[in-house]
Amino acid sequence: MRDTMPLSRRGFVTGGAAILGLAGAFPAWARTGSQGLAAKGSGLVTGPNIDLSIAAAELAVNRRSGHAVTINGSIPGPLIRLKEGQEVRLRVSNHLHEDTSIHWHGLIVPFEMDGVPGVSFPGIKPHSTFEYRFPIRQSGTYWYHSHSGLQEQVGHYGPLIIDPEGADPVAYDREHVIVLSDWSFLHPHTIFTRLKQEGGFFNRQKLTLADRLGDKTDPMTPAERDMFARMRMDPTDISDVTEAAYTFLINGHSADENWTGLFTPGERVRLRIINAAAQTTFNFRIPGLPMTVVATDGNNVRPVEIDEFQIGNAETYDVIVRPGDQPCALVAEAIDRSGMGVATLAPRAGMRAAAPRLRERPTLGMKDMGMGNSSAHDHMATKTDGIDHAAMDHTAAPPPSHQPMRAPPPMQPAEDHGSMNMRDASRVDFPLGAGVDMIAPMPVDRTGDPGVGLEDVGHRVLTYKDLVSLEPRSDTRLPGRMIEIHLTGNMERFMWSLDGEQLSENPEPYRFARNERVRMRLINDTMMTHPMHLHGHFWELVNGHGDRQPLKHTVRVLPGGYVDLDLTADAPGDWAFHCHLLYHMHAGMMRIVKVRPLEGEPA
Amino acid sequence: MKILFSLLVLLAGSPAAAQHAGHQSSPEETMASCPPEHAAMGHCTPALPEPPPQPAAPARQPTESCPPEHAAMGHCTPKETEPSTASPPAVALSGPENAADAVYGAGAMASARKAMLREHGDVPAHKLLIDRAEIRSRQGEDSYLVDTQAWYGGDIDKLWLKSEIEGGFNGGLDSAEVQALWSHAIGPWFDLQAGVRQDAGPGRDRTHFALGVQGLAPYWWETDAALFVSTKGEVTARLEAEHDARITQKLILQPRAEVGFSFQDTPELMAGAGITDASLGARLRYQIASTFSPYLGVEYERAFAGTARYRRLEGERAGGWNFLVGLRTWF
Ligand SMILES: [Cu+2]
Chain A
3 MRDTMPLSRR GFVTGGAAIL GLAGAFPAWA RTGSQGLAAK GSGLVTGPNI
53 DLSIAAAELA VNRRSGHAVT INGSIPGPLI RLKEGQEVRL RVSNHLHEDT
103 SIHWHGLIVP FEMDGVPGVS FPGIKPHSTF EYRFPIRQSG TYWYHSHSGL
153 QEQVGHYGPL IIDPEGADPV AYDREHVIVL SDWSFLHPHT IFTRLKQEGG
203 FFNRQKLTLA DRLGDKTDPM TPAERDMFAR MRMDPTDISD VTEAAYTFLI
253 NGHSADENWT GLFTPGERVR LRIINAAAQT TFNFRIPGLP MTVVATDGNN
303 VRPVEIDEFQ IGNAETYDVI VRPGDQPCAL VAEAIDRSGM GVATLAPRAG
353 MRAAAPRLRE RPTLGMKDMG MGNSSAHDHM ATKTDGIDHA AMDHTAAPPP
403 SHQPMRAPPP MQPAEDHGSM NMRDASRVDF PLGAGVDMIA PMPVDRTGDP
453 GVGLEDVGHR VLTYKDLVSL EPRSDTRLPG RMIEIHLTGN MERFMWSLDG
503 EQLSENPEPY RFARNERVRM RLINDTMMTH PMHLHGHFWE LVNGHGDRQP
553 LKHTVRVLPG GYVDLDLTAD APGDWAFHCH LLYHMHAGMM RIVKVRPLEG
603 EPA
Chain B
334 MKILFSLLVL LAGSPAAAQH AGHQSSPEET MASCPPEHAA MGHCTPALPE
384 PPPQPAAPAR QPTESCPPEH AAMGHCTPKE TEPSTASPPA VALSGPENAA
434 DAVYGAGAMA SARKAMLREH GDVPAHKLLI DRAEIRSRQG EDSYLVDTQA
484 WYGGDIDKLW LKSEIEGGFN GGLDSAEVQA LWSHAIGPWF DLQAGVRQDA
534 GPGRDRTHFA LGVQGLAPYW WETDAALFVS TKGEVTARLE AEHDARITQK
584 LILQPRAEVG FSFQDTPELM AGAGITDASL GARLRYQIAS TFSPYLGVEY
634 ERAFAGTARY RRLEGERAGG WNFLVGLRTW F
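Respectively, the protein sequence lines represent chains A and B.
Here the working numbering is used: the first residue of the first sequence is 3, the next is one more, and so on.
Here the working numbering is used: the first residue of the second sequence is 334, the next is one more, and so on.
Next comes the structure, spelled out in structure tokens:
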């Protein structure tokens, strides 16, 4: 075992003008016995041999410090910059008193290099070193993070960029890596325990009598309010862990600490935005500056100009912006609008744009409850794809189940939701235990929706239907079969599962034949947005763009909706498949995917 | 700071365009290397017409992706029937069950797998709730009540403890009970609870078997219904319900009702057959912290039928108002 030296943090890719000299401003952290203060922002590591050192440290956020886990001494960890076609050896030394691991999120690697303890390898024991070694067969914006315990919550994540072998189809003059995350001074186990004790513990924006009687416009109809209360569902339960526990960070900096990235006016600036948060979906925007999305999850898409997009945990989006001579605020607003991360893009250091105020907390509606599009609380009229859904009769839409024996009940008129069975066991082929509080009676394709709370924000918001791959797809086969996977849970007990089973119950894995073309239909039977991630593969997101449907490693499945994902199971081995909300995964929302035969075995 | 990016900046100048120009071999490639964005900037010339303006129009072209919803609206035509759900082909079940065993050894992987399963679901948790710790004032006479619940366990099975202690400040303990229950989730919102209850207090020493259902009823009512059979053969039951009405994020009005039943006359306990007593109250609490809420409240309590008669014989009133000052807290 060899101790790795902390790597040089010169040549900061993340700019970080604001943070230099911070350590000097708070000398208390230099006290003896301190675990050392984590640097903020990412240093750069590159080349065929990379050393990474995982260690405990203190992270200072808003003049307070808390326990953290760092990679090479910083949060986020160093920017790993690789080149398509190269081989890389990554030596990871564990200086913690517990096991650790690194998963290379979105990278196509042999299964034994994927970094999930208990699935792809045994994990990295305390005070030992593990060497990852694999060829780089792709390019784009990715990231890496721990898959052990709840380490991801305390800082164990970092960006990973791969430059393409040939010319980059995206032209830019300058780039910034923007790592979004959520930080808490609470121990992650405390956060989890609180959620088990009281599902809505961190929600400080619940419905109140005062709001209802006050001059705020009531977002709910009496029928909706009645329905939610009868179902014991909280229409304000948008995010499990909120600003009550979190400070939202951009490149390790709070809004007050204001990370600043510089540019020269007129430049095309590429922002590589990574959501490395443990439990927060963000709405990302730069007020006053349109963004052109050019890539997602490392894959190029046809440029599409928008003003805002929702980014689920582990998703990445590359956007091009052309700021003028003014500073701009990068705003990562938590999906429940309890707080936001703010950073600055400025032509000169020291400049700062005013951050917008938090917008009104969204309220869930009937569609989020899986009751189709027929709700009085209809968001569809403001959809960005130009179809007047509101004018169409969506109540006639059949549910996505194609098994004749699971025929849907006759459709109810919109005002008669009350008689709909919200937990109809005949719709699924698994038993409904205590961990399943709802089966969406009428889930719909929501890939054309911008995400919870973004239906009527008055500007262009990206939807999954706007994503068109730049490259035509390589596997032109149609899926030979489909598997339906229900995303299930119990909000009150904070239980989360797939097809009603938690991973702790050791459920049957999802099994694919090698190179099999399969459609995975993810049906969200809960009222939360789940960013679902499959290791080792890319899904083709079925969004109606023929052979140019986008490739994604992580897909947000909106509440009460479903997503079709076509998969070529070309990576033999065992792979993790899970919700990327850390506490949902910890609560059981994970499954193993097995692709056989393995390398070297007869087919 | 400007030079920070010098190594990484890709200038979209003429060398890039020249590179792109050498790529005109297939339409796909041309499209890939000359996106409309570049073309618009004059970096290169696309061989194909520009794709439709963004945001992208929804699919109207025939495609294998034509969800039923869209087909019904005529947005698209399902070209192929959608794949049907089926079991995986036999080959998917071939080979070793655990792929990493051959690489890292079956022993190392087995213990890692065990830890991995343990960490993803059914993680044990705990709670200690002092639901009501209050001073009850009735016509100048003060008494106290402490109502506590605690649990430890996984998602389905828990050890659940409940206790309720009542007494006067000069007269000592009136009654005390402790329940130790095994709690088993029987649905999304309800637990079946079974175990023992031990009572203490003047003339009240008893051990009961307890069987109940506790959980969250529609419209957010916390309910607890339990049946008790004492070792002396007495059968009693109790029903409790409470609800949090949120006035503001921190000010909460909690109505609470409790009804007791006895299936027989028990003079020793001053309980007549039928409904013995009931209370209806409201507590207004303020969350100083999310786990710490002092409250003020009122409660009307009265005994019925035989129980009321026993009380009158003792010179007590059958019912009356209590004014409450208390604290709700949990850990
Ligand atoms: Cu989830």
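We put the beta carbon where it would ideally sit given N, CA and C, even for glycine.
Counted within 10 angstroms of its Cβ, other Cβ atoms place residue i as buried (16 or more) or exposed
i	result
residue 533(B)	exposed
residue 491(B)	buried
residue 319(A)	buried
residue 315(A)	buried
residue 192(A)	exposed
residue 310(A)	buried
residue 39(A)	buried
residue 447(B)	exposed
residue 564(B)	exposed
residue 65(A)	exposed
residue 598(A)	buried
residue 266(A)	exposed
residue 552(B)	exposed
residue 632(B)	buried
residue 472(B)	exposed
residue 439(B)	exposed
residue 510(B)	buried
residue 397(B)	Because residue 397(B) sits at a pLDDT of 42, beneath the cut-off of 50, its placement in the model cannot be relied upon, and the point is left open.
residue 376(B)	Bear in mind that a pLDDT of 43 at residue 376(B), under 50, signals an unreliable position, so the model cannot answer this.
Beta-carbon gap between residue i and residue j smaller than 8 Å
i	j	result
residue 543(A)	residue 519(A)	no
residue 572(B)	residue 550(B)	no
residue 272(A)	residue 167(A)	no
residue 671(A)	residue 142(A)	No statement about residue 671(A) is possible, as the shown extent of chain A runs from 3 to 605 and does not include it.
residue 611(A)	residue 201(A)	Nothing about residue 611(A) can be read from this structure; chain A reaches only from 3 to 605.
residue 159(A)	residue 292(A)	no
residue 457(B)	residue 486(B)	yes
residue 586(B)	residue 629(B)	no
residue 606(A)	residue 245(A)	Nothing can be reported for residue 606(A), as the shown portion of chain A is limited to 3 through 605.
residue 432(B)	residue 600(A)	yes
residue 656(B)	residue 470(B)	yes
residue 588(A)	residue 452(B)	yes
residue 226(A)	residue 368(A)	yes
residue 140(A)	residue 190(A)	no
Opposing strand residues paired with residue i [DSSP bridges]
i	result
residue 534(A)	557(A), 581(A)
residue 628(B)	618(B), 659(B)
residue 155(A)	Per DSSP, none; premise fails for residue 155(A).
residue 554(B)	550(B), 576(B)
residue 255(A)	252(A)
residue 312(A)	285(A)
residue 491(A)	498(A)
The alpha helix (DSSP H) enclosing residue i, as first and last residue numbers
i	result
residue 422(A)	Where residue 422(A) is concerned, there is no enclosing alpha helix (DSSP H), given that its DSSP letter is neither H nor E.
residue 123(A)	No alpha helix (DSSP H) holds residue 123(A); DSSP gives it neither H nor E.
residue 191(A)	190-199
residue 427(B)	Taken as a continuous stretch (DSSP letters only), residue 427(B) belongs to no alpha helix (DSSP H), as it is neither H nor E.
residue 233(A)	224-233
residue 437(B)	434-437
residue 639(B)	638-646
residue 213(A)	211-215
Beta strand (DSSP E) segment containing residue i, residue limits
i	result
residue 460(B)	458-471
residue 588(B)	584-595
residue 518(B)	505-518
residue 618(A)	With chain A covering only 3 through 605, there is no way to say anything about residue 618(A).
residue 477(B)	474-486
residue 565(B)	No beta strand (DSSP E) holds residue 565(B); DSSP gives it neither H nor E.
residue 346(A)	342-348
residue 503(A)	Residue 503(A) -> no beta strand (DSSP E), and no H or E assigned at all.
residue 494(B)	490-501
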